[in-house]
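S.K.: Quick one: the structure is below, and I'll ask about it shortly.
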Amino acid sequence: MAPEEFVWLNDDLIPLSLARVSVQDRGFLYGDGFFETLRAEGGKVFFLREHLERLKASAAAFRLAFPTLPWEMRLRQLLAANGMDRGVARVKILLTRGAVEGLGLPPAASPTLVIWARPYIPPSPEEYAAGWPVATFPEGRATFLGRHKSLNYLFYLAARQFALDRGAKEALILEADGRISEGAATSLVYLSAGRYYTPEAASALPGVTLALLSRALKKQGLGLEWTPTHVSQLKEAQGIWLANSLMGLMPVASLDGEPVTRSDRSSFLQQILGAEAQASDF
Ligand SMILES: Cc1ncc(COP(=O)(O)O)c(C=O)c1O
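Residues in the sequence shown are numbered from 1275 upward in steps of one, following this note's numbering.
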């Protein structure tokens, strides 16, 4: 029998099979909540402070009280309870407004907080070497919600499915004006004339991995620049990468079926990002 999984539901560390959230929970009814996905390795959770800062900022922007908790202790207990103090894990922190009536953003009498860890199998070295095919999702998106990791994730799931249906592994998301925004679950980085860029986009999520990569590049005397980007600029780039907390940096192999230029800078970027992760607090 597989060992029982444990999850934090508010202040209780309980078996997953017993964890229940009300049908009145606004996370379920309206997607009224936020989440973070973090990577843990050997019991170490990467960039916890940065993820909590983003979650806290989103909670504040939507009038949701942010819980004061011994986060590190809770995460350690969770990983230990699930035997994930070894190996790689995907940690999810979900915060919703809980069960409270009213349209608008009523004060949360009892918000719901879930912290969950599951094993994560990263892409193989061969997959990183081959890179990912990417397909452009034709529906542009312009919403302030995009700047938050909200539970309204359906747009991104539909975009990813669009990509999967075309044999790609990630979808390229456009802003409503047709400029590049980000990936469906990733930020975008590209190399052009020897400089590293990421699209400046009104509706894109401020990626933790991007911020960390920017910091790592700075330490190398380099930089990451935020700049409005057209599809044509991306097609002319000397290298494109997808970035997120779980995967790190994945090179893009093709865009809408056309191969893109590959850069030999992947292992350098992965290495400096990895060094940041090892240096992160927890
Ligand atoms: C829409 C979107 N953009 C970007 C990212 C990358 O963010 P991070 O580097 O903080 O994991 C994610 C992460 O899942 C995402 O869902």
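For glycine and all other residues, C-beta sits at the position ideal for the given N, C-alpha and C.
#1: What's the gap between the Cα of residue 1463 and the Cα of residue 1500?
#2: Tell me, which residues are paired with residue 1307 by DSSP?
#3: Are there three or more Cβ pairs, one per stretch, closer than 8 Å when the stretch 1394-1402 is compared with the stretch 1417-1433?
#4: When we look at the beta-carbon of residue 1460 and count the other beta-carbons within 10 Å, is it buried (16 or more) or exposed?
#5: Please list, in chain order, all residues with a C-beta atom less than 5 Å from at least one heavy atom of ligand 1.
#6: Using the Cα positions of residue 1532 and residue 1414, report the straight-line distance between them to the nearest angstrom.
#7: With a CB to CB cut of under 8 Å and the five nearest residues on each side skipped, what residues in its chain are close to residue 1509?
#8: So the beta strand (DSSP E) residue 1439 belongs to, where does it begin and stop?
#9: Quick one, are the C-beta atoms of residue 1487 and residue 1543 less than 9 Å apart?
#10: Consider the C-beta atom of residue 1343 and the heavy atoms of ligand 3; say whether any pair is separated by less than 8 Å.
#11: In whole angstroms, give me the CA-to-CA distance for residue 1348 and residue 1468.
#12: Would you mind stating whether residue 1301 and residue 1386 have Cβ atoms separated by less than 9 Å?
#13: On the CB-based measure, 16 or more other CB atoms within 10 Å of its CB, does residue 1291 come out buried or exposed?
#14: Which parts of the stretch 1328-1380 are runs of the alpha helix (DSSP H), unbroken and 4 residues or longer, counting only runs that do not cross its ends?
#15: Under 9 Å, do residue 1401 and residue 1362 count as touching if we go by C-beta distance?
M.R.: Answer, in terms of the structure:
#1: 9 Å
#2: 1370
#3: no
#4: buried
#5: Answer in sequence order: 1456, 1459, 1461, 1479, 1481, 1482, 1483, 1518 and 1519.
#6: 21 Å
#7: 1529, 1532 and 1534
#8: From DSSP, residue 1439 is part of no beta strand (DSSP E) but of the alpha helix (DSSP H) over 1428-1439.
#9: yes
#10: Ligands in the displayed structure: ligand 1; ligand 3 is not one of them.
#11: C-alpha separation (whole angstroms): 43 Å.
#12: Against a cut-off of 9 Å, the Cβ pair of residue 1386 and residue 1301 comes out as a contact.
#13: exposed
#14: 1345-1355
#15: No.
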